[in-house]
Amino acid sequence: MIPRQEGALVSLNTANGGDVQLTSGSISLHAERGVELQAHASILLAAPFGDVEFVAANLTQSVQGCAVTLADTIVDKARNVHLTADESIITRTQVHSVTADQDLFMDADRINMG
Numbered sequence: 002m003i004p005r006q007e008g009a010l011v012s013l014n015t016a017n018g019g020d021v022q023l024t025s026g027s028i029s030l031h032a033e034r035g036v037e038l039q040a041h042a043s044i045l046l047a048a049p050f051g052d053v054e055f056v057a058a059n060l061t062q063s064v065q066g067c068a069v070t071l072a073d074t075i076v077d078k079a080r081n082v083h084l085t086a087d088e089s090i091i092t093r094t095q096v097h098s099v100t101a102d103q104d105l106f107m108d109a110d111r112i113n114m115g
């Protein structure tokens, strides 16, 4: 326990810019307002024998370079999905199924059905 005044910031800094390593069977972080992770180089989340799960009311992803997703199965469920690309969106698969309960809209200057 680190004593401090109510609302005061507690800062942990290592001497000479050294690294900090925490090793434990389990580590939990709890925050009333938010958790922020920042790195100038990279952040790695790895669970080679388990799951990485994101649960959020809002999730925003901004990528400056490339986003690469490799998975055996991806399941997305959303009320609305909006994909926008300045140049192209390319999907390749053996079977591609598009199902709509009501309307399916395709709008383009040219539609090539192969």
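The numbering of the sequence shown is this note's numbering, which starts it at 2 and goes up by one.
Glycine residues also receive a C-beta, built at the ideal position from the N, C-alpha and C atoms.
Spatial neighbours of Thr-70 in its chain, beta-carbon cut-off 8 Å, leaving aside the 5 residues before and after: Taking the first residue of the sequence shown as 1, we reach residue 70 at position 69. Exclusion of the five residues before and after Thr-70 leaves no residue of its chain whose Cβ lies closer than 8 Å to its Cβ.
For Asn-17, three-class secondary structure by DSSP: If you number the sequence shown from 1, residue 17 lands on position 16. Three-state result, Asn-17: helix.
Short Cβ contact (8 Å threshold) for Val-21 with Leu-30: As a first step, residue 21 must be located in the sequence shown, where it is residue number 20. As a first step, residue 30 must be located in the sequence shown, where it is residue number 29. Contact: no.
Only counting the same chain, and skipping five residues up and downstream in sequence, which positions put a Cβ closer than 8 Å to that of His-41? Here residue 41 corresponds to residue number 40 of the sequence shown, with the count starting at 1. Excluding its 5 nearest sequence neighbours in each direction, His-41 has no C-beta neighbour in its own chain below 8 Å.
Are the Cβ atoms of Val-53 and Leu-46 separated by less than 8 Å? Numbered from 1 along the sequence shown, position 52 holds the residue referred to as residue 53. Numbered from 1 along the sequence shown, position 45 holds the residue referred to as residue 46. Yes. Within cutoff.
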